[in-house]
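Here the sequence shown stands for residues 3 to 125, where the numbers follow the working numbering. Each residue gets a CB set at the ideal place from its N, CA and C atoms; glycine is no exception. If you're wondering where the values come from, they're calculated on a predicted model, not measured in any experiment. Below is one structure; the comments refer to it alone.
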Amino acid sequence: TIVVFTSDHACHFKTRNTEYKRSPHESSIHIPLILQGPGFDRAMEVSELVGQVDLAPTLLEAAGAAVPRTMQGRSVLPLLAGKREGWRNEVFIEVSESLTGRALRTPQWTYAVALPERQKFST
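As structure tokens, this is what we get:
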């Protein structure tokens, strides 16, 4: 059994209140991912860029199943084994709710474009 704890967004904690979760800023895109079970037996923090798209390939590989070649993500199991060479250095982020935003996250920067004029609120 593998237990997964994650979220689809982080929390601004009152730093960008009007955007709630709908922005490509660091306080919204830095999300938790905790895995526990076979292959995930020790506490470890990975500094490489990992996205939600990597979750399915990781779980498939951990379960011993083949990862379809058509999947866009990559298993993070090699990172957990210390094999960091060849890992991507960017992650694409897209937000498409009441606020449209896209970003490219690199180890050093987040390049973001947002269209706040499309944001609509009900009162």
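Separation of the CB atoms of LEU81 and VAL48 is rounded to 5 Å, and the pair is thereby assigned contact status at 8 Å.
Here ARG76 is buried. Its C-beta has 16 or more other C-beta atoms within 10 Å. With 16 or more other Cβ atoms from the protein chains shown falling within 10 Å of its own Cβ, PRO59 counts as buried. Sorting GLY103, ALA45, GLY84 and GLU50 by C-alpha distance to the C-alpha of GLN110 places GLU50 at the top. Considering only PRO40, PHE42 and ILE31, the residue with the shortest C-alpha distance to VAL52 is ILE31.
Along the segment 56-119, the beta strand (DSSP E) occurs as fully enclosed runs of 3 or more residues at 93-98, 102-107 and 112-117, listed in sequence order. In the DSSP assignment, ILE36 falls within the unbroken beta strand (DSSP E) covering 35-38. Nearest to VAL6 by alpha-carbon distance, out of PRO26, GLU28, ALA64 and THR72, is ALA64.
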